[in-house]
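Colleague: No gaps in the numbering here: position 316 of the sequence shown is 315 in numbering that gives the first Met the number 0, and each next residue is one more.
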Amino acid sequence: MTAPAATPVAPAGPTMRLIAEIVLAVIGFALTVGAILADQAWFDRHFLPVFFLSRRLYVLGETLARIAVGLVGLTVALIVRPMVGRAMERSTPAAVAAAALRSGVALALAVGLSELALGMAFPRATEEASPREEPLRRPDPRLGWVFVPSRVGHAIVGGRGIDYAFDSHGDRVPGPLDPVDPTRPTVLFTGESIMTGFGLRWRESVPALVGAALGTQSANLAVFGYADDQAYMRLAEELPRFAHPTAVVMLFSPTLIFRDFDDDRPRLAPGMIRRPALRRWRLEALVRFFVPYHSRQEIDRTVDQIRAELRASVRLAHARDAAALIVVPHYGPEQPDERVLRHRILDQPGLPYVWVDLNPAWRIPHDPHPDARGAQAIANAVVARLRRQAAP
Numbered sequence: 000m001t002a003p004a005a006t007p008v009a010p011a012g013p014t015m016r017l018i019a020e021i022v023l024a025v026i027g028f029a030l031t032v033g034a035i036l037a038d039q040a041w042f043d044r045h046f047l048p049v050f051f052l053s054r055r056l057y058v059l060g061e062t063l064a065r066i067a068v069g070l071v072g073l074t075v076a077l078i079v080r081p082m083v084g085r086a087m088e089r090s091t092p093a094a095v096a097a098a099a100l101r102s103g104v105a106l107a108l109a110v111g112l113s114e115l116a117l118g119m120a121f122p123r124a125t126e127e128a129s130p131r132e133e134p135l136r137r138p139d140p141r142l143g144w145v146f147v148p149s150r151v152g153h154a155i156v157g158g159r160g161i162d163y164a165f166d167s168h169g170d171r172v173p174g175p176l177d178p179v180d181p182t183r184p185t186v187l188f189t190g191e192s193i194m195t196g197f198g199l200r201w202r203e204s205v206p207a208l209v210g211a212a213l214g215t216q217s218a219n220l221a222v223f224g225y226a227d228d229q230a231y232m233r234l235a236e237e238l239p240r241f242a243h244p245t246a247v248v249m250l251f252s253p254t255l256i257f258r259d260f261d262d263d264r265p266r267l268a269p270g271m272i273r274r275p276a277l278r279r280w281r282l283e284a285l286v287r288f289f290v291p292y293h294s295r296q297e298i299d300r301t302v303d304q305i306r307a308e309l310r311a312s313v314r315l316a317h318a319r320d321a322a323a324l325i326v327v328p329h330y331g332p333e334q335p336d337e338r339v340l341r342h343r344i345l346d347q348p349g350l351p352y353v354w355v356d357l358n359p360a361w362r363i364p365h366d367p368h369p370d371a372r373g374a375q376a377i378a379n380a381v382v383a384r385l386r387r388q389a390a391p
């Protein structure tokens with residue numbers, strides 16, 4: 000007996016080809032038009048300036064990104080679209096469904112394995128350093144991380160050996176035998192690695208230079224990688240132990256507020272409410288790192304939050320009869336987007352600050368941090384302003 004012949008399966012035909020080509024044409028058109036419309040003004044509205052990149056390099060990166068997106072859009076619309084369309088027309092519905100299923104499974108496996116690998120390689124917050132990187136830090140449930148106390152770390156920065164000594168409270172000090180004395184009149188310094196003195200010996204750091212010029216003790220509360228809310232929270236925790244604070248000097252820069260958007264660490268929310276770290280997918284964090292797009296609403300909300308934190312820091316200082324000063328170091332000409340941020344955060348609320356122009360050559364070799372000349376310029380500006388504030 001002859002077996003019945005298998006019924007031939009018709010290919011997907013022109014309908015599926017039309018659908019596939021329309022979808023790809025829309026994608027390619029959207030990418031191309033988006034690359035054209037995303038001019039520098041759009042980037043300045045949605046991408047924040049970065050202290051560790053010059054304006055020239057930042058604009059170059061944005062331009063190359065626009066070109067790449069535009070080329071991808073044209074490739075999808077002009078090359079990929081007809082190729083996929085022809086393949087769809089020749090394929091059967093079952094083959095299309097099987098290919099879609101295989102692609103979905105492959106994508107799910109790729110995402111899962113990538114997430115696992117990234118989670119193992121980068122288990123920490125965005126700005127949190129490796130546990131083996133000097134000076135060593137340790138996790139802190141309230142601040143995210145702090146320096147490991149009562150130790151001396153050694154590092155080579157810019158071809159020089161640098162010792163980072165910390166007392167029992169995690170404040171950077173001249174040496175292990177020179178802890179901060181909380182009973183003495185003290186100028187307190189908050190901020191991040193610039194204020195800590197990355198790549199600088201103690202005597203070259205801003206707190207040491209200011210303390211020597213004013214003839215008073217300095218307490219360096221700054222911690223590498225801190226955002227503005229972390230600096231405020233550390234000040235709020237540490238200030239009460241000092242019997243005679245004479246001044247509080249805070250570091251701020253419009254080109255560093257990109258850190259204030261990080262939510263993978265303990266942070267302050269609107270209303271100065273403490274929030275725990277959010278657990279995000281590592282792939283999402285990676286995308287956010289390389290494509291740090293922010294809506295205008297996000298930026299406005301963060302600007303308001305930073306302003307509230309700096310205002311609160313000033314109030315903390317004044318409540319202890321101490322002077323308050325925000326120091327704003329900057330390399331090269333101020334850009335329009337930076338000027339807008341400075342005006343909104345510092346000028347509008349009338350916060351006390353000093354702007355410090357730094358020569359772009361005053362950097363640690365092969366590193367964007369200020370070198371000893373840059374730190375001296377910052378210290379000179381701080382000393383002059385504090386003396387002027389103290390004058391009758």
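For every residue, glycine included, the Cβ atom is placed at its ideal position computed from N, Cα and C.
1. Given Pro335, which residues of its chain have a CB within under 8 Å of its CB, disregarding the five upstream and five downstream residues?
2. How would you label Ala19, buried or exposed, when you count the other beta carbons within 10 angstroms and need 16 or more for buried?
3. So, for Val8: in the same chain, excluding its five sequence neighbours on each side, which residues have a beta-carbon less than 6 Å away from its beta-carbon?
4. Have a look at the DSSP bridge pairing and note the partners of Phe165.
5. So with Cβ pairs under 7 Å, would you call Phe188 a contact of chain C?
6. What is the residue span of the beta strand (DSSP E) that Gln216 lies within?
7. Taking the alpha carbon of Tyr57 as the reference point, which residue from Ser204, Gln39 and Trp144 has its own alpha carbon closest?
8. Would you mind reading off the limits of the beta strand (DSSP E) that contains His329?
9. Which term fits Met194, buried or exposed, when burial requires 16 or more other beta carbons within 10 angstroms of its beta carbon?
10. Could you tell me which residues DSSP puts in a beta bridge with Leu267?
11. If you scan the segment 75–102 from start to end, which runs of the beta strand (DSSP E) of 3 or more residues do you find wholly inside it?
12. Beta-carbon separation of Leu23 and Arg80 under 7 Å?
13. Taking all protein chains shown into account, do 16 or more other C-beta atoms lie within 10 angstroms of the C-beta of His365, making it buried, or fewer, making it exposed?
14. Between Arg16 and Val104, what straight-line distance do the alpha-carbon atoms span, to the nearest angstrom?
15. Would you identify the three-state DSSP class for Thr245, choosing helix, strand or coil?
16. Can Phe51 and Pro367 be called in contact, C-beta distance under 7 Å?
17. For Glu126, count neighbouring C-beta atoms within 10 Å of its own C-beta (all shown protein chains included) and say buried if the count is 16 or more, exposed if not.
18. Pick helix, strand or coil for Ile26, following the three-state DSSP scheme.
19. Determine the direct distance from the alpha carbon of Phe146 to that of Gly160, and round the result to whole angstroms.
20. Is there contact between the segment 209–217 and the segment 263–277, where contact requires at least three CB pairs shorter than 8 Å?
21. With C-beta atoms as the reference, is Thr189 less than 7 Å away from Leu234?
22. Examine the ligand MG and report whether any of its heavy atoms sits within less than 6 Å of the Cβ of Val209.
23. What's the C-alpha gap between Val327 and Arg386?
24. For Gly72, which three-state DSSP category applies?
25. Measure the C-alpha to C-alpha separation of Glu283 and Tyr292 and round it to an integer number of angstroms.
26. Would you kindly report the start and end of the unbroken beta strand (DSSP E) that includes Thr189?
27. Between Val186, Phe46, Val25 and Asp162, which lies nearest to Ala316 when the distance is taken from Cα to Cα?
28. To the nearest angstrom, how far is the alpha carbon of Arg300 from that of Thr74?
29. In whole angstroms, what is the alpha-carbon distance linking Arg202 and Val248?
Modeller: Short version:
1. Around Pro335: Asp43.
2. Buried, by the Cβ-count rule.
3. Confidence at Val8 is low in this model, with a pLDDT of 49, below 50, so its placement is unreliable and no value can be given for it.
4. According to DSSP, which records beta bridges pairwise, Phe165 is partnered with Arg150 and Arg171.
5. Judged by its chain identifiers, the structure shown contains no chain C, having just a single protein chain.
6. Run containing Gln216: Gln216 to Asn219, per the beta strand (DSSP E) assignment.
7. Of all alpha-carbon atoms in Ser204, Gln39 and Trp144, the one lying nearest the alpha-carbon of Tyr57 is that of Gln39.
8. Start and end: Ala322 to Tyr330.
9. The residue is buried, with at least 16 neighbouring Cβ atoms inside 10 Å.
10. Residue pairing of Leu267 in beta bridges, as defined by DSSP: Arg273.
11. Those beta strand (DSSP E) runs which fall completely within the segment 75–102 and span 3+ residues do not exist here.
12. In this structure, Arg80 lies closer than 7 Å to Leu23 by Cβ.
13. Exposed is the call here.
14. So the alpha carbons of these two residues sit roughly 23 Å apart.
15. Residue state, collapsed to three classes: strand.
16. Cβ distance < 7 Å, so Phe51 and Pro367 count as in contact.
17. By the neighbour-count rule (16 or more Cβ atoms within 10 Å), Glu126 is buried.
18. Ile26: helix per DSSP, three-state reduction.
19. Taking the straight line from one Cα to the other gives about 19 Å.
20. Verdict: no, contact absent.
21. Contact flag set, yes.
22. For the ligand MG, the structure offers nothing, since it holds no ligand at all.
23. C-alpha separation (whole angstroms): 18 Å.
24. Shown here, Gly72 sits in a helix according to DSSP, grouped into three states.
25. Rounded to whole angstroms, Glu283 to Tyr292 spans 12 Å at the Cα level.
26. If you look at Thr189, you'll find it in the beta strand (DSSP E) that goes Pro184 to Thr189.
27. Of the listed residues, the one whose Cα sits closest to Ala316 is Val186.
28. Cα to Cα, the separation comes out at about 38 Å.
29. Roughly 18 Å between the two C-alpha positions.
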